[in-house]
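Q: I'd like to ask some things about the structure below.
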Amino acid sequence: MNAKIIVLALTPFAANAQGFAGLGGAADGFGLPTPAPTFDFPTDHGPHDNYRIEWWYLTANLQADDGTDYGLQWTLFRSALAPETGSGWTAPQLWMGHAAVTTSTDHYVSERIGRGGIGQAGVTAAPFSAWIDDWQFSGDWQTMAMTASGTDFAYDMDLNAQGPLIFHGDDGYSVKSAGGQASYYYSQPYFDIAGTLTLPDGDVAVTGSAWLDREWSSQPLAADQTGWDWFSLSFDDGAKMMGFLLRQSDGTAYSSATWIAADGTTTAYPDGAFRAEALETSATSGATVPTTWRVQLPDRGVDATVTAVNSDAWMQTSVPYWEGPVRIEGSHTGRGYLEMTGYE
Amino acid sequence: MQLFTLLAGLALATALWSGVQAVNTEARASYDSAAATLGEAGYDQLVSGDDQPISLETYVALRRAGWLVSPVIEGQINGVRLIGIEPLTAPSSLGPVNLADGADIGAFLSGRGQVYGTVETLAALDVTGSVAPDLAPNVAYTDIGVAQRMLDRAGEVDLLIVAPDQPLRQLALREVAPNLIRRAAAAGSDVGKLTDSFHLNLTAFGLLSFAVGIFIVNGAIGLAFEQRRPVVRTLRALGVPLGALIGLIAVELMLMALLAGIIGVALGYVIAGMLLPGVAATLNGLYGASVAGTLQLRPSWWISGLAIALGGTALAATGALWQLSRMPLLAAAQPRAMAMAAGRRAKVQGGLAAILIIATLILAATAQGLIAGFAMLAALLIGAALGLPIILSAVLAFCANRARGVVGQWFWADTRQQLPGLSLALMALLLAMAANVGVSTMVSSFRLTFVGFLDQRLSSELYVTAADANQAAQITERIASEVDVILPIQSVTMPIASIPTEVFGTRIHDTYRDTWVLLDSLDLPWDQVASGEAILINEQLFRRAGLNVGDQVMLDAVPLTIVGVYGDYGNPIGQAVIGEDLFVKLYPDVGPLRFGVRVPEADVNRVRSILRDDVGIPDAQMINQAGIKAFSLDVFDRTFVVTTALNVLTLAVAAFAILMSLLTLATMRVPQLSPAWAVGMTRAELGRLEVIRAVLLALLTAVIALPLGLALAWALLAVVNVAAFGWQLPMYLFPWDYVRLFGFAVLAAAIASLWPAIRLARTPPAGLLKVFSNER
């Protein structure tokens, strides 16, 4: 008994064991994002079952009263086997939750997987609630509550939105390759967050800021794209920046960025404007990944070094990746989150 | 005739070996796949406390309350056990199916009819599923949604597997699903141990059949050579080089061995095919899981069958060819010469036998492990077999000396002279009989002990399990006045002498005094235990920790004197009994949930209905002792169905060996019998004497086989069993079984000798006369 069914059960996420690269698969029967979208809220906060993948992805940079930095992640992925909602056991919607807390020395991770259609996991738009098992993220997008627990950690957080939703790319139509692959992508990067982390050493009261990403698509990557390096950076001067590199198998990368001024106005940058260069790599408990980066957006005078708070923020989940808090130094200073996928 | 002997002997030996091998391999493979299919017993489970299926809502409610549980549904369709699982939440080590590459997991989850099973299973279900050959037969796996639909049980769940690692926070079970009961993971090893004992039986038989087989092959080859000596002599006299002759004979033998091996493997297949239903029934009884009733032609055993045929032939032929090469050119193939040669060989053989018997004695005194135990068995059996001709010869010489009358003296002397030719067959008979005596003694001893143990452990008429402390109190309160006595069963696992031990707090009652058999004890052990100063331990703890009665052990810093040791068969771990008062003092929080209820047999049902109606105990939580006993004995008896079949088979093969030897000898013996005929004995008389001779030799062999078999049984019970399972079984004797066996052996020998005797009696006088006219 070596190949366990559970491993294969995850293939919708692992896309036939090719990891994130499998996201480049064809989108038969599923909806495809189209340019110049108009969103309808709160409906669009809910699931889009006719798209293959979708996520509610929250990361937060937290601080305890004593100044200790923490990172926090709460993610719910939806993966559809077929472009329909369905009900009961036959519903083709599968859900996967990831929760993590990162300190400078430790990285706590938990994963839940469940079936849509029976009530174990799902998202409702109004009133908004996203859940898998006992994990939950709910509220009216102004004040929200969030909870998750693993075998060795748990957290309860309250969130409060301090700014508007941010739409990436072309009003929320985010192009991912020269070939035109794209997703719908918007964020709420203005959450104030406060709550309690329950860690092996005891409870810690923390406060900080959180960034929520919403994205859905059916074929977000081109076939020759192998993974991505994604940055969400909050500068001390109030500006924010989202930037990503989609690595391509020929060694080049497709880049994209959104500059969010302190007043909430956004500027989308096309391929090539945003640059990120790995300065140092670290061997983690998974793959060896870059943990110090030089990121540049010359148009905004950004030339900063992004360093992982804990280089071993490896997510040992069914589809493993790296996700952790970072510090920013250089032309700009601040804090943020880094996600790296497709490293082996 | 010679060709037939050789082929038949080899083929039978191969058949026996490969048959046993096939059964063993098949049983193991079936068991392995049955055990590997779903490891749900290794996890705690949530089951319904009221016999109602668990609802889907309850499952989801538990998940949402932080319980990492996974639903399982199970049912029967057309004799197939269909198991529905939820692969996304099942613990990752719970792997039902070794899925082939390219399995469509999407189809599995979305309920488009993905069912996993063997070809036959899928056919029985009448579904197009995915073939998973390493699944147990008649077990199919599918997604829980599909299973619910196929079983027509929408929204129902039979049990929830509790993942070993649960999150930091979860609601209490009673708040979410008050009607569910958490059932602890099965220790698993109980069944495992029974399995081991079953396989040990088969392995021991494999070993024996191997030994018997080798003896038969050896005998067949040896006799073939003896018969050929005149031909060899003639050929060599005609100038054929020795090397060429030996080479040709070797090639011929190997070809025959190959042919015999193929026949043998085919026969073995038939044997296995006949035995396998018994094995299947046994395993079915043991695990409740069905096992392949059909046989797969596994390369491992047919190759090993052929190897045995070739190897056995090579072994036997080497000796014979060596003799041939050293034989003086014109040495006559005379039986007497053969006997003389045997006399020289006997010395070597005797020396070897003595060494092996001494080795056996040394091992008996020192053997610790399983390998040493088996080595001892092997030394004992081979030593005894090698020693057999010498003992028989001595006995016959003694008889010959005391015989009166010409016929008597001739009979004994002639018997003794025939011995070398028959000795291999007799060795086979010895081994077969010893195995029979040994194994039947072991099995019957095992059974007696087991029955006694059941009586001891299941002494209460009714066993009741309460859902919680509250219900436990109600039970005591409600039926205290209705029954003779209520015996609470409560335990904790604590280290004693650094070995994890299940410590029971027992209400000392005459039930225990009357029914528990202590292997060793001080005076009034139960009263001492009741006083709270003493402890009883099981044999496993006793042996593992090297404790003795009278020793003191510490239980949570309380010193306790060991006042007795009890047998605890089938239990892999340490166990101990202390008084209820002391237990309550040490572990006030435990509290008993299980109770043994002593009540007259006639009142059992009345008490059951009181508990069901007034206290709300579901029927599933009340067990009648009579039912468990019957079930346990049934399982036990099935375990040995196969053993019995193999016993009979081994004996039959030994009888065949005798027949072959006698047939071969008969031809050679004409020259010797002719003078006896010539001096006035009738052919019928000679024939009768032949039968008597065979019976006599069989009887003598049987007399030797009895102590050998008992020694074998002792070795199995006291050495191998202790090494394998950690407990020693008391040995009982079953004289009537032995007498019956004697009868069988004599009968077998008589039947085997009948044909040669009849042939002898019908030999035309001319044939007998020819002896005198032929120049020899």
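Listed in order, the protein sequences are those of chains A and B. Here the numbering used here is used: the first residue of the first sequence is 26, the next is one more, and so on. Here the numbering used here is used: the first residue of the second sequence is 4, the next is one more, and so on. Think of the CB as a built atom: it goes at the ideal place given N, C-alpha and C, for glycine as much as any other residue.
Please confirm whether B:Gly-148 has its beta-carbon closer than 7 Å to some beta-carbon of chain A.
A: Indexing the second sequence from 1 puts residue 148 of chain B at position 145. B:Gly-148 counts as touching chain A.
Q: Could you check whether A:Leu-119 and A:Ser-243 sit closer than 7 Å to each other, using their CB atoms as the reference points?
A: Stepping through the first sequence from its first residue, residue 243 of chain A is reached at position 218. Stepping through the first sequence from its first residue, residue 119 of chain A is reached at position 94. It is not a contact, given that the beta carbons lie outside the stated cut-off.
Q: What is the DSSP secondary structure of A:Trp-80, counted as helix, strand or coil?
A: Stepping through the first sequence from its first residue, residue 80 of chain A is reached at position 55. Residue state, collapsed to three classes: strand.
Q: Let me make sure I understand the geometry here. Which of A:Trp-81, A:Tyr-76, A:Gly-289, A:Ser-112 has the alpha-carbon closest to that of A:Ala-155?
A: Here residue 155 of chain A refers to the residue found at position 130 of the first sequence. When only C-alpha atoms are compared, the closest one is A:Trp-81.
Q: Could you please tell me which residues of the stretch 56-79 of chain B, in chain order, have their CB closer than 7 Å to any CB of chain A?
A: Listed in sequence order: Leu-59, Val-63, Arg-66, Arg-67, Ala-68, Gly-69.
Q: How would you call B:Ile-365, buried or exposed, if buried means at least 16 neighbouring beta carbons within 10 angstroms?
A: Locating residue 365 of chain B in the second sequence gives position 362, where the first residue counts as 1. Exposed.
Q: Could you tell me which chain A residues have their CB closer than 8 Å to the CB of B:Leu-171, listed as they occur along the chain?
A: Here the question's residue 171 of chain B lines up with position 168 in the second sequence. Residues of chain A passing the Cβ test: Ser-174, Gly-175, Thr-176, Asp-177, Phe-178, Ala-179, Thr-223.
Q: Are B:Pro-595 and B:Pro-491 touching if we call contact CB-CB under 7 Å?
A: Taking the second sequence and counting its residues from 1, one reaches residue 595 of chain B at position 592. Taking the second sequence and counting its residues from 1, one reaches residue 491 of chain B at position 488. Yes, Cβ-Cβ distance for B:Pro-595 and B:Pro-491 is below 7 Å.
Q: To the nearest angstrom, report how far apart B:Leu-122 and B:Val-725 are at their CA atoms.
A: As a first step, residue 122 of chain B must be located in the second sequence, where it is residue number 119. As a first step, residue 725 of chain B must be located in the second sequence, where it is residue number 722. Note on identity: in this sequence residue 122 of chain B is Val, with Leu being the wrong assignment. Cα to Cα, the separation comes out at about 42 Å.
Q: DSSP three-state label for B:Lys-588, please.
A: Counted from its first residue, the second sequence places residue 588 of chain B at position 585. Residue state, collapsed to three classes: helix.
Q: Answer yes or no: does any C-beta atom of chain B fall closer than 7 Å to that of A:Thr-115?
A: Residue mapping note: residue 115 of chain A aligns to position 90 of the first sequence, counting from 1. Yes, because at least one Cβ of chain B sits closer than 7 Å to the Cβ of A:Thr-115.
Q: Since A:Asp-249 and A:Leu-270 are thought to touch, with beta carbons under 8 Å apart, how far apart are those beta carbons, to the nearest angstrom?
A: As a first step, residue 249 of chain A must be located in the first sequence, where it is residue number 224. As a first step, residue 270 of chain A must be located in the first sequence, where it is residue number 245. That belief does not hold up - the Cβ atoms of A:Asp-249 and A:Leu-270 are roughly 14 Å apart, past 8 Å.
Q: Nearest by alpha-carbon distance to B:Val-520: which of B:His-512, B:Ala-533, B:Gly-570, B:Ser-307 is it?
A: Mapped onto the second sequence, residue 520 of chain B falls at position 517. Among B:His-512, B:Ala-533, B:Gly-570, B:Ser-307, the Cα nearest to that of B:Val-520 belongs to B:Gly-570.
Q: Just grab the DSSP bridge partners of A:Glu-305 for me.
A: The sequence position of residue 305 of chain A within the first sequence is 280, counting from 1. Bridge partners of A:Glu-305: A:Thr-317.
Q: Using CA atoms only, rank isn't needed, just tell me which of B:Thr-704, B:Trp-415, B:Leu-391, B:Leu-389 is closest to B:Phe-401.
A: For the purposes of this step, residue 401 of chain B is taken as residue 398 along the second sequence, with counting starting at 1. Per the Cα distances, B:Trp-415.
Q: In chain A, which residues lie with their C-beta within 7 Å of the C-beta of B:Leu-163?
A: The count along the second sequence starts at 1 and reaches residue 163 of chain B at position 160. By Cβ distance, chain A contributes nothing, its closest Cβ being about 13 Å from B:Leu-163, past 7 Å.
Q: Give the DSSP-derived three-state secondary structure of A:Lys-265 in the structure shown.
A: If you number the first sequence from 1, residue 265 of chain A lands on position 240. DSSP places A:Lys-265 in strand when its eight states are reduced to three.
Q: What are the start and end residues of the alpha helix (DSSP H) that includes B:Met-608?
A: Translated into the one-based positions of the second sequence, residue 608 of chain B becomes position 605. A quick correction: the sequence has Asn, not Met, at residue 608 of chain B. B:Asn-608 -> alpha helix (DSSP H) spans 607-613.
Q: Quick check: the Cα distance between B:Ala-764 and B:Gly-353, rounded to an integer number of angstroms?
A: Stepping through the second sequence from its first residue, residue 764 of chain B is reached at position 761. Stepping through the second sequence from its first residue, residue 353 of chain B is reached at position 350. B:Ala-764 and B:Gly-353: Cα-Cα distance of roughly 36 Å.
Q: So, for A:Thr-264: in the same chain, excluding its five sequence neighbours on each side, which residues have a beta-carbon less than 6 Å away from its beta-carbon?
A: Along the first sequence, one-based indexing puts residue 264 of chain A at 239. Going by the sequence as given, residue 264 of chain A is Ala instead of Thr. Excluding positions up to five away in sequence, the list reads Ala-286, Ala-287.
Q: Measuring alpha carbon to alpha carbon, tell me which residue in B:Gly-424, B:Val-409, B:Val-50 is nearest B:Met-684.
A: Within the second sequence, residue 684 of chain B is the residue found at index 681, counting from 1. The shortest C-alpha separation from B:Met-684 is found at B:Val-409.
Q: Comparing C-alpha positions only, which one of B:Thr-504, B:Ala-500, B:Pro-528, B:Ser-501 sits nearest to B:Asp-513?
A: Residue 513 of chain B sits at position 510 when you count from the first residue of the second sequence. Of B:Thr-504, B:Ala-500, B:Pro-528, B:Ser-501, the residue nearest in Cα terms is B:Pro-528.
Q: Taking buried to mean at least 16 other C-beta atoms within 10 Å of its own C-beta, is B:Met-557 buried or exposed?
A: Numbered from 1 along the second sequence, position 554 holds the residue referred to as residue 557 of chain B. By the 10 Å Cβ count, B:Met-557 comes out exposed.
Q: What residues of chain A sit near B:Asp-155, judged by a beta carbon separation below 8 Å?
A: Locating residue 155 of chain B in the second sequence gives position 152, where the first residue counts as 1. Ordered by position in chain A, no residue passes the 8 Å Cβ test against B:Asp-155, which lies about 14 Å from the chain.
Q: Going along chain C, which residues have a C-beta under 7 Å from B:Asp-168?
A: As a matter of chain content, chain C is missing from the structure shown, whose protein chains are A and B.
Q: Counting only the same chain and skipping the five closest in sequence on each side, list residues whose C-beta sits under 6 Å from that of A:Met-340.
A: Start at 1 with the first residue of the first sequence, and residue 340 of chain A comes out as number 315. Within the same chain, A:Met-340 has close Cβ partners Val-134, Tyr-346, Glu-348.
Q: Taking A:Trp-99 as the reference, give the member of A:His-193, A:His-123, A:Thr-68 with the closest Cα.
A: In the first sequence, residue 99 of chain A corresponds to position 74, counting from 1. Here the closest residue by C-alpha is A:His-123.
Q: For B:Ala-387, which of B:Gln-24, B:Leu-715, B:Leu-128 has the nearest alpha-carbon?
A: In the second sequence, counting from the first residue as 1, residue 387 of chain B sits at position 384. With distances taken between Cα atoms, B:Ala-387 lies closest to B:Leu-715.
Q: Beta-carbon of B:Leu-91 versus every beta-carbon of chain A: anything under 7 Å?
A: Indexing the second sequence from 1 puts residue 91 of chain B at position 88. Output row for B:Leu-91: interface = yes.
Q: Nearest to A:Trp-318 by alpha carbon, out of A:Asp-53, A:Asp-131, A:Ser-234, A:Gly-361?
A: Here the question's residue 318 of chain A lines up with position 293 in the first sequence. Of the listed residues, the one whose Cα sits closest to A:Trp-318 is A:Gly-361.
Q: Helix, strand or coil: which one does DSSP assign to B:Ser-463?
A: As a working mapping, residue 463 of chain B is identified with position 460 in the second sequence. Looking at B:Ser-463 - three-state DSSP - the assignment turns out to be coil, as it is neither helix nor strand.
Q: Going by DSSP, which residues form a beta bridge with A:Val-351?
A: Stepping through the first sequence from its first residue, residue 351 of chain A is reached at position 326. A:Val-351 is bridged to A:Ala-333, A:Gly-361.
Q: Does B:Leu-9 have its Cβ less than 7 Å from a Cβ in chain A?
A: As a position in the second sequence, residue 9 of chain B is number 6, starting the count at 1. Answer no: the Cβ-Cβ gap between B:Leu-9 and chain A never drops below 7 Å.
Q: Tell me the rounded alpha-carbon separation between B:Pro-767 and B:Trp-680.
A: Here residue 767 of chain B is taken as the residue at index 764 of the second sequence, counted from 1. Here residue 680 of chain B is taken as the residue at index 677 of the second sequence, counted from 1. Whole-angstrom Cα-Cα distance: 12 Å.
Q: So if DSSP puts A:Phe-153 in a beta bridge, which residue, or which two residues, is it bridged to?
A: Counting from 1 along the first sequence, the entry for residue 153 of chain A is found at position 128. A:Phe-153 is bridged to A:Gly-164.
Q: Please give me, in chain order, every unbroken run of the alpha helix (DSSP H) with length at least 4 that falls completely inside the stretch 470-524 of chain B.
A: 472-482, 513-518, all fully within the stretch 470-524 of chain B.
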